[in-house]
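Just so we're on the same page, our numbering is the position in the sequence shown counted from 1, plus 64.
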Amino acid sequence: MYDNVKALLERAEKIAKEHGIIVGRVSRNAPSSISEEGGIVVFDVDPEVYFSDFSDIAKGGSYLAVVDIKTGEIVSLRVIEVIREDLLSQLKLPEFTSSLPRPEASGLLTRTRIKAKPLLAYNPRSNIVSVADYVIEPQSPIIKPTKADTVQKILGLPTEGVFLGYVTIGDKPIFDGLVPLYLPLKAFYQHVLVLGTTGSGKTTLLKNMISSIYSCFNYECSEKHEKPSIVIIDPNKDYVHLPLKPIWEKTFGVDWDTEYELINKLIDKIKRPRGLVIILPITQHVINRLLTEETTWVKALRIIVNDYFETTYKNIIERVGGKIKTYDIEIIEESTDSRKLRYGLIKLEIAYNTQETDSIELFIIPYGFRFAEMTPREFIELNPFFTQQARDALYRILLRLEKDGIRFNTLSELYDAIQEARVARKKNIGINLDPRRTRVYELINSFAIHKATLDNIIRQIGSMVDTGFFDIEIPTSREDKYLPEPCIEYLLEKHHEIFKSYPIVLDLEYLQENSPSDPRQAISIAAFRILNRIFLWKLVKARQKEVTQPVLIFIDEAHRFFPSHGGSRDEYIEHVSGMIDRIARLGRARRLGIVFSTHSPKDVHDIILQLTNTKIILRMDKSTISSLDIPSEYKDFIIKAGDRSGLIKTHAFRLGYTTFRTTLPLAGHYDLSAIHIG
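Here is the structure:
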């Protein structure tokens, strides 16, 4: 029996040295135990080890491992208590009472007792991870792991997926940044919610995730249909600078040596995108501002694209120390089955003052709505501010007009007809010679539409006209004076082939800057239209049994699109929540994932909290975390967490939770007010 136990002890020693550094052993004079509530492991650490490496092995919440002698399995441990005693305390000697004793270094050279909780057991022979549900043997070696994959397995973390950052204890990466944290791609199809106060690092985290996905880093995307298409709903122009070189300005209180060391691990592995596809919402105001003479769409797009580059890129490139070496615009027209896709392609080369150069491509796709090309259902679904009664009544009117062969060429024409019908109905007078307007008047009367419902229809159609986002026309004598709505389906189908898999960014700030109407309504209409078209494209292709690439949609400032309940907007909120519920639930089976980002769980509709199986929580106020199911031991950390540090809660991890820290931005990310050049 002795020989067998000795052999097991020697095996445990060998496994321990293969997977880490031995820092202690399970105590021989204090019992370790297991019960229904879990286990406890007690071990001692020599003073030399303690003082040289206490931050990794003797902090509350630290992770270590033990190689159990009887099983040979590597069991993860979470430190729950650290006990330090002076030599006088260990010898049970009384303290001097006449005066305070002078400090004695020898009194500190005592062993540190640590209590830890076993978590998961990893069998290196079978590669199986299971619950550590047995007592750990005395004298079993305690190790500080030195292999990233070993730590990932004993903590139940994925070894592949989208890079998020590094596993931490508090703000500090464990084992000197040994353990990268990944979220499997399939977890994105069950949707992600990123929470954090302003300045906590949400945008940096999202940009790092986007760069990891784009680079196909550490997940399989060798086949054409496996690399995800990335779509970004950007209300603040935070993502249009992704291809530019990131600037890392040193700030007080940050360990920059560690930061650079962590980011250097990713050089040549994660690359920022070398281009973007920008969906640029155009309004009539843009046309009127830039075009004063008769022109063609080719010339008009060249002017629009150049103006966008001048106002969005040129200034910031110069402010971050760059110089434009070459710059070229090409206007391209692709023919699709249903409509044309016109866009501008900017190719530029940038030289930075660090002697680095970048070649960047920007596909600029002008985006607007053409009322005459829309079905009644498509048009009504555009505006979530219609009441349900107005939605039903307007649909009946448009459907009957379509059946009668009556078409209004622009939305303004329909608006004028309905508004005139209301006036005629109120004054009980006949109507004009335009048979289309006469028919609208007749339909409104025959359907007995209530005054309040008609008022909502007129008010909402009027607000849509006011956006300037419909029926955009250039000064030309040609027939194609209107901008057709770009074919988003074609963009997705050709995303890898023509558009080089570059992230697709919907620049909603440009729309807000150039629309005289309520910006909330304008950006909501544009964002919901894009979301619905992506979803319907996925749905149609699935019914046709065609394989499509995964699509990941990043929605920044999600509370602006999916707000919580409140006031007179309840009907709008319920309509929008129903839409996102449909997209999110069916999207899981279609490889369509959504990443929502917002400040507080109280700001977004409850449906967002329900639909997102993964929640990433960066620094937040104490008052905002009560609605989140966070273990008590993490709540204090969330309140005090440093920038870019947080907690992730997900079904993709065996233990359900872990803390982490993302790196400095891996793609262009600028606070212009804080940039000092020269």
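Cβ atoms here follow ideal geometry from the backbone N, Cα and C, with glycine treated the same way.
Sequence-distant residues of its chain with Cβ nearer than 7 Å to residue i (five each side left out)
i	result
residue 46	Since the first and last residues shown for the chain are 65 and 742, residue 46 lies out of range.
residue 371	354
residue 133	72, 73, 76, 201, 203 and 204
residue 187	137
residue 522	482, 483 and 486
residue 344	372, 428, 429, 430, 431, 571 and 574
residue 538	351, 355, 359, 361, 364 and 545
residue 261	663, 683, 684 and 685
First and last residue of the uninterrupted alpha helix (DSSP H) at residue i
i	result
residue 70	66-83
residue 673	670-675
residue 350	348-354
residue 324	320-328
residue 721	Note, residue 721: premise wrong, no alpha helix (DSSP H); beta strand (DSSP E) at 721-725.
residue 377	Where residue 377 is concerned, there is no enclosing alpha helix (DSSP H), given that its DSSP letter is neither H nor E.
residue 215	212-218
residue 97	Run containing residue 97: none in the alpha helix (DSSP H); it sits in the beta strand (DSSP E), 97-99.
Burial state of residue i (16 or more Cβ within 10 Å)
i	result
residue 336	buried
residue 244	buried
residue 601	buried
residue 192	exposed
residue 687	exposed
residue 279	buried
residue 361	buried
residue 162	A caution first: residue 162 carries a pLDDT of 48, below 50, which makes its placement in the model too unreliable to give a value.
residue 535	buried
residue 157	exposed
residue 653	exposed
residue 620	buried
residue 469	exposed
residue 218	buried
residue 333	exposed
residue 695	exposed
residue 196	buried
residue 223	exposed
residue 693	exposed
residue 170	exposed
residue 329	exposed
residue 331	exposed
Boundaries (first-last residue) of the beta strand (DSSP E) holding residue i
i	result
residue 415	404-416
residue 129	127-131
residue 242	No beta strand (DSSP E) holds residue 242; DSSP gives it neither H nor E.
residue 373	No beta strand (DSSP E) contains residue 373, which is instead part of the alpha helix (DSSP H) from 361-373.
residue 746	No answer is possible for residue 746: it lies beyond the span of the chain, which begins at 65 and ends at 742.
residue 108	102-109
residue 743	In the structure as shown, the chain starts at 65 and stops at 742, and residue 743 therefore has no counterpart that could be examined.
residue 394	386-399
residue 431	421-431
residue 343	339-345
residue 208	205-209
residue 709	709-714
Residues near residue i in its chain [Cβ-Cβ closer than 6 Å; skip 5 each side]
i	result
residue 422	414
residue 194	185
residue 275	334, 336, 730 and 731
Interface flag, residue i vs chain B, CB-CB below 8 Å
i	result
residue 453	Of the protein chains in the structure, only one exists, and it is not chain B.
Proximity test, residue i beta-carbon vs the ligand MN heavy atom, cut-off 7 Å
i	result
residue 656	The ligand MN is not among the ligands present in this structure, which contains no ligands whatsoever.
Cβ neighbours of residue i in the same chain (closer than 8 Å, five flanking residues each side left out)
i	result
residue 173	111 and 151
Counting only runs that start and end within the region 153-199, where is the alpha helix (DSSP H) found for 4 or more residues in a row?
none
Is the region 467-474 touching the region 426-436 in the sense that three or more CB pairs, one from each, lie closer than 8 Å?
yes
Along the chain, which unbroken stretches of the alpha helix (DSSP H) at least 4 residues long are found entirely within the region 249-309?
249-252 and 266-279
Is the region 176-189 close to the region 136-155, with three or more CB pairs under 8 Å?
yes
Where are the alpha helix (DSSP H) runs, 4 residues long or more, that stay fully inside the region 507-572, in chain order?
515-530 and 552-557
Write down every uninterrupted run of the alpha helix (DSSP H) in the region 590-661 whose length is 4 residues or greater and which is fully enclosed by it, in chain order.
634-651
Only counting runs of 4 or more residues, tell me where the alpha helix (DSSP H) segments fall wholly within the region 433-488, in order along the chain.
440-446 and 452-467
Between the region 500-517 and the region 477-485, do three or more beta carbon pairs fall short of 8 Å?
yes
Would you check if the region 221-237 and the region 707-719 touch, i.e. whether three or more CB-CB distances between them fall below 8 Å?
yes
Touching by the beta-carbon criterion (3+ pairs, under 8 Å), the region 283-302 and the region 561-573:
yes
Across the region 588-603 and the region 545-562, are there enough close Cβ pairs to call them in contact, namely three or more that are closer than 8 Å?
yes
Taking contact to mean at least 3 C-beta pairs separated by less than 8 Å, is the region 666-685 in contact with the region 635-651?
yes
Are three or more beta carbon pairs between the region 569-578 and the region 343-359 nearer than 8 Å?
yes
Is it true that the region 727-735 meets the region 299-314, where meeting means three or more beta-carbon pairs spaced less than 8 Å apart?
yes
Are the region 581-592 and the region 442-456 touching, with three or more C-beta to C-beta distances below 8 Å?
yes
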